[in-house]
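Worksheet: one structure, shown below.
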Amino acid sequence: MSLSPRAWFGIAVSLLLAACAVGAPWLAPHDPLEQDLLASSLPPAWAADGEARFLFGTDSLGRDILSRLVWGARPALIVAVAGALLAGVVGTFLGLAAGFFGGWWDAVVSRLVDVWMSFPAVLLAIVLVAVIGTGLWSVVIAIALIDWTRFARVVRAEAMQQSRLNYVVAARTIGLSRAATLAREVLPNVLPLLLTLVTLEMGIAVVVEAILSFVGLSVSSDMPTWGGLIQEGRLYVNQTPWLLGLPVVALALAVLGFNALGDGLRESLDPVVAR
Amino acid sequence: MSAPVLEIEGLHVLLRGERREPDRLMLRGVDLSIRPGEVHALVGESGAGKSMIARTVLGILPHRAQVASGHVRLLGHDWLKMPPAARRAMLGRDVSLIPQDPMSALSPAHTIERQICEVLRLHLPMSAQAARERALALLDAVRIREPARVLHQYPHELSGGMRQRVLIAIAFACGPRLIVADEPTTALDVTVQREVLRLLRTMQQRGGGQSGGTAVLFITHNLGLVAKLADRVSVIHGGRIVERGLVAEIFDAPHAAYTRALFAATPRHDRPAEALRPIDPAVTAALDVEAAAYDNAWARAR
Numbered sequence: 431m432s433l434s435p436r437a438w439f440g441i442a443v444s445l446l447l448a449a450c451a452v453g454a455p456w457l458a459p460h461d462p463l464e465q466d467l468l469a470s471s472l473p474p475a476w477a478a479d480g481e482a483r484f485l486f487g488t489d490s491l492g493r494d495i496l497s498r499l500v501w502g503a504r505p506a507l508i509v510a511v512a513g514a515l516l517a518g519v520v521g522t523f524l525g526l527a528a529g530f531f532g533g534w535w536d537a538v539v540s541r542l543v544d545v546w547m548s549f550p551a552v553l554l555a556i557v558l559v560a561v562i563g564t565g566l567w568s569v570v571i572a573i574a575l576i577d578w579t580r581f582a583r584v585v586r587a588e589a590m591q592q593s594r595l596n597y598v599v600a601a602r603t604i605g606l607s608r609a610a611t612l613a614r615e616v617l618p619n620v621l622p623l624l625l626t627l628v629t630l631e632m633g634i635a636v637v638v639e640a641i642l643s644f645v646g647l648s649v650s651s652d653m654p655t656w657g658g659l660i661q662e663g664r665l666y667v668n669q670t671p672w673l674l675g676l677p678v679v680a681l682a683l684a685v686l687g688f689n690a691l692g693d694g695l696r697e698s699l700d701p702v703v704a705r
Numbered sequence: 012m013s014a015p016v017l018e019i020e021g022l023h024v025l026l027r028g029e030r031r032e033p034d035r036l037m038l039r040g041v042d043l044s045i046r047p048g049e050v051h052a053l054v055g056e057s058g059a060g061k062s063m064i065a066r067t068v069l070g071i072l073p074h075r076a077q078v079a080s081g082h083v084r085l086l087g088h089d090w091l092k093m094p095p096a097a098r099r100a101m102l103g104r105d106v107s108l109i110p111q112d113p114m115s116a117l118s119p120a121h122t123i124e125r126q127i128c129e130v131l132r133l134h135l136p137m138s139a140q141a142a143r144e145r146a147l148a149l150l151d152a153v154r155i156r157e158p159a160r161v162l163h164q165y166p167h168e169l170s171g172g173m174r175q176r177v178l179i180a181i182a183f184a185c186g187p188r189l190i191v192a193d194e195p196t197t198a199l200d201v202t203v204q205r206e207v208l209r210l211l212r213t214m215q216q217r218g219g220g221q222s223g224g225t226a227v228l229f230i231t232h233n234l235g236l237v238a239k240l241a242d243r244v245s246v247i248h249g250g251r252i253v254e255r256g257l258v259a260e261i262f263d264a265p266h267a268a269y270t271r272a273l274f275a276a277t278p279r280h281d282r283p284a285e286a287l288r289p290i291d292p293a294v295t296a297a298l299d300v301e302a303a304a305y306d307n308a309w310a311r312a313r
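Chains A and B are the protein sequences, given in the same order. Okay, so the first sequence: first residue is 431 according to the working numbering, each after it adds one. Okay, so the second sequence: first residue is 12 according to the working numbering, each after it adds one.
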């Protein structure tokens, strides 16, 4: 099984993020909360008046940007993985049932999806977090509650299409019950698609987390988040543009990496697409 | 004479119309009886109801179709009234299917080994290891070269003929008493067709462990295959059996006008190709009138 360059890029970015998230206390050169007012608003080290000990410069309170970015990977990755998986489990379950059993299941799930999707996602997220309260796990739950519809819609269509194929009918003629057919025949054939969806959703979840922390509805302010960094950078965008630019780059890299990972893995894991 | 494996009596299958369409009778009182170990051909044009019979026996009628009346006895069980769990226990073990289109009848996500072992372990008390060995033996029995390698392949890596052999292996895996072969060679090219048919014949006689062989309900529109393979034949048109009997007798002296018309329309290599003849429209028109009258009488009786 050979992986494409895309897949390698995705794996590399994901590993980097995972390393930052897990190893933040050791990888970060400074305490992300430590203020050094004598070294405030320093540009990155490669700029003319940058300092070597602050690679990506400092913010207005003299906190190290690199350390804050590394620590910010932690909430980003937790939300991405937990949010995408939770949304995936809920959406897949409902989508499979709707697509495979049809009838009553399909009617209820489809209407629910229609109603759900008529709410603007970000607004819904903000309202949800405001209701359940702030914090990392509230963000995870909010993402799952909003984005299960993505999974439900796609999985429903795929399950519907798969269940018309002969191998599903054939599975019934060897004596599998409908539920067993769904779990053992349909689900494995939906899995490559699901993998792509989960990684796409991870990208979306990272962005949603950034939005929520941008408006201050994510974790408490003593934990650095990329959204929080962007929000702080926005205030001084004319004096210290790297303050805004660097977390945006981190965010974009994460989203790109997750998407590349999904596409690359699907190409390698799908027995029909793989060479 | 031992009891029939499959006995169908007065089977009516109704296709419920969508929206304004009226309901339509797909099967109009089909009687069919298959003895142990015999190959029973079911011959008819497309839409005659051949597959509806197969689907009723296998319990996979499309959801708009329903059995309106009639009895199906399978190995002495009242098949249509059996609880679903008991029916599932027999499906794949006592009765199984060789499907029409080998290209889509195997799950693309699983290896051949998993798909053969699945049916074995579902019905027989077998360890994973024993199932694997039996799967290997089955692939060998359906004359697949390098069975050990094929076991670890995915369906898309195999040709249509190979896949049909795998499906035959799956159908015979648990030593069934009856196999429904729904046009098993239609989707294959002609050279492969012959090999697959020969294989089906040997497997049927060997019977996957059944003494006296496995009975086969062989669905086809190809009269040449019927002559080669079948012991008995039922000719179906418009959801009714118009003629039944031993292959030798019917090929010798068909009684029903439709059977004679069907024979007359069969292409033969001793006639030039341009002489391809359609089935005499007068014969089918007469049958259609009968069918319409039957439907009216049936609707009134309900």
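Don't be surprised by glycine CBs; every beta carbon is placed ideally from N, CA and C.
- In this structure, the CA atom of B:L43 is about 16 Å from the CA atom of B:S13.
- When DSSP states are grouped into helix, strand and coil, B:A226 belongs to the strand group.
- Look at the beta carbons and you see the region 444 to 456 of chain A touching the region 491 to 510 of chain A: at least three pairs across the two are nearer than 8 Å.
- Comparing alpha-carbon positions, the option among A:A482, A:A514, A:A527 and A:V678 lying closest to A:R608 turns out to be A:A527.
- With fewer than 16 neighbouring CB atoms inside 10 Å of its own CB, B:K92 falls in the exposed class.
- Using beta-carbon distances, B:A139 does not count as an interface residue toward chain A, since no partner is under 9 Å.
- Bounds of any alpha helix (DSSP H) do not take in A:S548, whose DSSP letter is neither H nor E.
- For B:R104, the chain A residues whose Cβ falls inside 8 Å of its Cβ are G605, in order along the chain.
- Listed along chain A are L595, N596, Y597, V599 and A600, each with a C-beta nearer than 9 Å to that of B:A116.
- Between B:G171 and B:A152 the beta-carbon gap is near 19 Å, outside 8 Å, which marks them as no contact.
- In the DSSP annotation of this structure, B:E194 is not part of any alpha helix (DSSP H), being labelled neither H nor E.
- Inter-segment contact for the region 553 to 567 of chain A and the region 607 to 627 of chain A is absent: fewer than three beta-carbon pairs are separated by less than 8 Å.
- Taking the Cα positions, B:L36 is about 26 Å away from A:V598.
- For B:P94, no Cβ of chain A is located within less than 9 Å of the residue's own Cβ.
- Under the 9 Å criterion on CB atoms, B:E157 is classed as non-interfacial with respect to chain A.
- The beta carbon of B:E129 sits closer than 9 Å to some beta carbon of chain A.
- Here B:H167 is exposed: its Cβ has fewer than 16 other Cβ atoms, across all protein chains shown, within 10 Å.
- Contact between B:I19 and B:G81 holds: CB atoms are separated by about 7 Å, below the 8 Å threshold.
- Taking a beta-carbon distance threshold of 9 Å, B:H88 does not count as an interface residue toward chain A.
- Around the beta carbon of A:G518, 16 or more other beta carbons sit within 10 angstroms, so the residue counts as buried.
- Against B:H121, the close residues of chain A are P618, in the order they occur along the chain (beta-carbon pairs closer than 7 Å).
- Note on A:P654: 16 or more other CB atoms within 10 angstroms of its CB, so buried under the neighbour-count rule.
- Sequence-distant Cβ neighbours of A:G521 in its own chain, meaning closer than 7 Å and more than five residues away, are W578, T579, R580, F581, A582 and V585.
- A Cβ of chain A is located within less than 9 Å of the beta carbon of B:M101.
- Here B:V237 has A52, V54, T231, V244 and V258 as same chain residues with Cβ atoms under 7 Å from its own Cβ, once five neighbours each way along the sequence are excluded.
- Apart from the 5 residues on each side of it in sequence, B:I290 sits with its Cβ closer than 7 Å to the Cβ of A272, L273 and A276 in its chain, given in chain order.
- The beta carbon of A:R614 sits closer than 9 Å to some beta carbon of chain B.
- The beta carbon of A:L691 sits no closer than 9 Å to any beta carbon of chain B.
- In summary, B:E260 is exposed, with fewer than 16 beta-carbon neighbours lying within 10 Å of its beta-carbon over all protein chains present.
- B:Q77 sits in a strand when the DSSP states are folded into three classes.
- Taken through DSSP and simplified to helix, strand or coil, B:L26 comes out as strand.
- For A:L621, the nearest CB of chain B lies under 9 Å from its own CB, placing it at the interface with that chain.
- Counting C-beta pairs closer than 8 Å gives three or more between the region 22 to 32 of chain B and the region 64 to 76 of chain B, which meets the contact rule.
- Scanning the region 17 to 64 of chain B from its first residue to its last, the whole beta strand (DSSP E) runs of 3-plus residues come out as 17 to 26, 35 to 45 and 50 to 54.
- As the crow flies, the alpha-carbon of A:L625 is around 49 Å from that of B:R39.
- Residue pairing for B:T277: DSSP places it in no beta bridge.
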